[in-house]
Amino acid sequence: MEKIDKLDRQILNIISKNARIPFKDVAEECGVSRAAIHQRVQRMIDMNVIIGSGYHINPKVLGYNTCTYIGVKLERGSMYKEVVPEFEKIPEVVECHFTTGPYTMLIKLYARDNEHLMDLLNSKIQEIPGVTATETLISLRQSVKREIPICDSND
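Using the UniProt record's numbering, you'd call the opening residue of the sequence shown number 1 and step up by one each time.
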């Protein structure tokens, strides 16, 4: 795998704060040509350093006022591969992780309100074959959301 150098890290720092920033502005800040920025970004996409791009949507504006993390216990950990497609069928589930610790899986979902959350738990999540228990944690407020720090590998 190719190395990420100081210029790549500088570019990542800039575009991770504002994905809509024009390449000419990134080039100016980095002291290189716009073409160099374009080539570097494309290379980092090809290397899977940059995965995806887009806009962050505020769930509350769309009526999803309850952010919830749910610890899920399965009959057997190996059932994970059968359960994931079931979570993919639930549009409110935005993340799913296979974990260590007290839960087999941890999912994040958004619900319109507590009634909607209860319906998702009782009618969908707990009905998935292999799910033996759930524990629900409601997020009262997201205080930090950011990308991983982009620092020199020698730091």
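We put the CB at the ideal spot given by N, CA and C, even for glycine. Quick caveat: nothing in here was measured; it's all calculated off a predicted structure.
The segment 27-47 makes no contact with the segment 60-70: fewer than 3 CB pairs, one atom from each, lie closer than 8 Å. Excluding the 5 residues flanking it on each side, Pro129 has no same chain C-beta neighbour closer than 6 Å. C-alpha of Ile148 to C-alpha of Lys89: approximately 29 Å in a straight line. CA-CA distance, Leu62 to Asp46, rounds to 33 Å.
Between Met118 and Tyr80 the beta-carbon gap is near 25 Å, outside 8 Å, which marks them as no contact.
Val94 counts as exposed, since fewer than 16 other C-beta atoms from the protein chains shown sit within 10 angstroms of its C-beta. In this structure, Glu135 and Gly52 do not form a Cβ contact; the two beta carbons are roughly 30 Å apart against a cut-off of 8 Å.
Cβ contact annotation for Asp8 (same chain, cutoff 7 Å, sequence separation greater than five): Arg40, Met44, in chain order.
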